Structures are given as structure tokens and as C-alpha cells.
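A.B. asks: Residue numbers (the numbering used here): 3 to 281. The structure under discussion is supplied below as C-alpha cells; questions concerning it will follow.
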Ligand SMILES: C[S@@+](CC[C@H](N)C(=O)[O-])C[C@H]1O[C@@H](n2cnc3c(N)ncnc32)[C@H](O)[C@@H]1O
């Protein structure tokens, strides 16, 4: 998939689902944003670049952290996602939304912080993208990127995929090394690519955390029928309403083990890549 294909995907296909389910996705992924914010620590007056900001949850958090004397640029390739980010953010003088390809955009200013929640695994040329991004980081600036860890360690993807396979049958095998949610699962490979792109001494930490979907098991399963591998399988098999209901029931069954008295907690593994530019 080229970046142009990604643009079409995130504008016309995935984008509308992410917009419709923005609250649910933000609740689900809140623990990941907490990790990124805690590590990047954008401070008052700083200039921050948020890569693949999507519907803008992170942009709002960063704008609050940097205050009116700071600045955040939320960059995304999807007009659909950015339009929604714009509508929900309203007017925030310190926030700007930029429709652009992070891999090739020529930045006009430097940044103290570059960060991303799950927005950097989709480049068709990761080395070129990070050469470009690193060049816009100011001396002393820091970069913090969250990406999914190994797919088998992430039941949020594996269980719906298995449920859909049980109900509908197999789908063509996906090459996870290609641009997509798991393109950064080989953390050592990513570190080598980052070094090759000129990033100084990148590190990675692999973290276990819990995803906290909103609502009931049925709500979580419904979300999976619109975003992720179960959605892809439903589309591939051109499933009807009955097929979708059966997949949803199968996901509920598989997620039941994660439901407890304190709500649903789905284990997840993410990689957090960090680097600091020499002063
Ligand atoms: C998995 S979504 C994450 C969105 C958001 N960061 C969040 O956590 O809710 C990935 C985002 O990366 C964006 N994206 C993909 N390729 C991109 C590129 N080349 N340049 C900028 N954004 C890109 C997509 O449009 C999408 O909004």
C-alpha cells in the first residue's frame, strides 16, 4: 500500500468509522495516550508535532499541556479524520490541524517534541519519513512514538480475527511487515530503520497495559465489527446482517474472559520508541 492508498483508506474507508466511533476509540486507547503524554511531557510554551493525530484526542491533550504560549500541530493524511478533529476542538489558538503526508511534508518550523499514538506505522518508506521528521526536531528536542507490539500478544486484534474466521472462513493472509498496525512489531528492525534515518540513539520499551473499552461486551464487539480485522473479514466475505450478528456473538464469547466486576480489561502490548536530538 502506498501513502496514496493510505490516504484513500483513511479518508473513505476507515476514516468514517473512526469518526463515528471516536468516543469509543478514545476510551479504548486512553491508556496509550497516557503513556505517550507521560513520557513526552509537553510543557508550557513548547511546540509539539502530533503525527497521524486522527480525530484529535491527543491534540486536545497537548494543547492543554502547552497552554496559549505553546503550539501543537496535529498532522494527518485523512481529511475525514481532520475535519472531525476540527469540529470537536473548536477554536484553540495554540492548535493547528495540518492535512499532509508526514513522510514528505516540508515543515516550515521546528518542534520541541514529536509524538504519536499509533500514527507512524503506515508509511510506505519509513526511513524517508523519519529522516524528514527528525530534521524538523529542534536540537534538544524529543520524540515519543507508540506502536502496537507483536500481534499475537494483542487479543484486541487476534480474538475478533479468530471469531470472524470461525464464522465466515479464512481471509487472505496479511503481510504484517507492510504498512499497517503491526508494521512496527519487530522493534529491533524499527530501531535499525530509525538509526538509518539519522535518529540519534533511539530506544524502545515494550509495555503491557490494559485496554478499557467503553460499555458492555456487546459494545466492544460492535466496535470490532466496524474497525479492525473482523470488519475487514466482514467486508471481504460480503457478510449480511445475519453473518455480522454471528461474528459479533462469537467476539462476545471470546472477549468474555476479559470481563470482570471492574469492567472489561483487554491486555495489550505496545512498543514505545523514544529518542532525543543532541543539543
Ligand atoms: C490508527 S490511526 C491513529 C489515529 C490517532 N493517532 C489515534 O490514536 O486516535 C492512524 C492515523 O495515521 C494517519 N496516517 C496514516 N498515514 C499517514 C501519513 N503518511 N501521514 C500522516 N498521517 C498518516 C491516518 O490517517 C490515521 O489518522
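All C-beta atoms, glycine included, are put in the ideal place defined by N, C-alpha and C. None of the values given here were measured: they were computed from a predicted structure.
Starting from residue 275 and walking both ways along the beta strand (DSSP E), at which residues does that stretch end?
C.D. replies: 268–278
A.B. asks: Pick helix, strand or coil for residue 206, following the three-state DSSP scheme.
C.D. replies: strand
A.B. asks: In terms of residue numbering, what span does the beta strand (DSSP E) encompassing residue 80 cover?
C.D. replies: Counting along the chain, residue 80 falls outside any beta strand (DSSP E), and DSSP gives it neither H nor E.
A.B. asks: Buried or exposed: where does residue 204 fall if 16 or more other Cβ atoms within 10 Å of its Cβ makes it buried?
C.D. replies: Residue 204 should be labelled buried.
A.B. asks: If I follow the unbroken beta strand (DSSP E) through residue 150, where does it start and stop?
C.D. replies: 139–150
A.B. asks: Quick check: does the Cβ of residue 136 come within less than 7 Å of any heavy atom belonging to ligand 1?
C.D. replies: With a threshold of 7 Å, the Cβ atom of residue 136 does not count as near ligand 1, since no heavy atom of the ligand is closer than that.
A.B. asks: Short of 7 Å in beta carbon distance, which residues of its chain neighbour residue 273, apart from the five on each side in sequence? Order them along the chain.
C.D. replies: 149, 151, 186, 189, 206 and 208
A.B. asks: Exposed or buried, which one is residue 105 when buried takes at least 16 other CB atoms within 10 Å?
C.D. replies: Flag for residue 105 reads buried.
A.B. asks: Taking the runs of the alpha helix (DSSP H) that are 4 residues or longer, which of them lie wholly in the segment 54–121?
C.D. replies: 59–68 and 81–91
A.B. asks: Please classify residue 75: is it buried, with 16 or more other beta-carbons within 10 angstroms of its beta-carbon, or exposed?
C.D. replies: buried
A.B. asks: So, does the segment 237–257 touch the segment 218–227, judging by three or more C-beta pairs under 8 Å?
C.D. replies: yes
A.B. asks: Is it buried or exposed for residue 181, if we count other Cβ within 10 angstroms and need 16 for buried?
C.D. replies: buried
A.B. asks: Suppose the cutoff is 8 Å on Cβ atoms and the five residues either side in sequence are ignored; what does the same chain contact list for residue 236 look like?
C.D. replies: 166, 170, 227, 245, 246 and 249
A.B. asks: Taking only beta-carbon positions, decide if residue 258 is within less than 8 Å of chain C.
C.D. replies: Absent here is chain C; the protein component of the structure consists of one chain.
A.B. asks: Going along the chain, which residues of its own chain have a beta-carbon closer than 7 Å to the beta-carbon of residue 157, five neighbours each way excluded?
C.D. replies: Cβ within range, chain order: 268 and 269.
A.B. asks: Following the continuous alpha helix (DSSP H) through residue 242, name the residue where it begins and the one where it ends.
C.D. replies: Looking at the DSSP string, residue 242 is not in any alpha helix (DSSP H), and its letter there is neither H nor E.
A.B. asks: Taking residue 168 as the reference, give the member of 115, 222 and 232 with the closest Cα.
C.D. replies: 232
A.B. asks: Across the segment 52–70 and the segment 91–101, are there enough close Cβ pairs to call them in contact, namely three or more that are closer than 8 Å?
C.D. replies: Of all C-beta pairs linking the segment 52–70 to the segment 91–101, three or more are shorter than 8 Å, placing the two stretches in contact.
A.B. asks: Residue 143: which of 172, 276, 67 and 21 sits nearest, CA to CA?
C.D. replies: Nearest neighbour of residue 143 by Cα position, chosen from 172, 276, 67 and 21, turns out to be 276.
A.B. asks: For residue 46, which of helix, strand or coil comes out of DSSP?
C.D. replies: coil
A.B. asks: Please confirm whether residue 225 and residue 26 have their CB atoms less than 8 Å apart.
C.D. replies: yes
A.B. asks: Below 8 Å, how does it come out for the segment 74–94 and the segment 42–59: are there three or more Cβ pairs, yes or no?
C.D. replies: yes
A.B. asks: Counting along the chain, where does the alpha helix (DSSP H) carrying residue 17 start and finish?
C.D. replies: 16–22
A.B. asks: Could you compute how far the alpha carbon of residue 58 sits from the alpha carbon of residue 35?
C.D. replies: 11 Å
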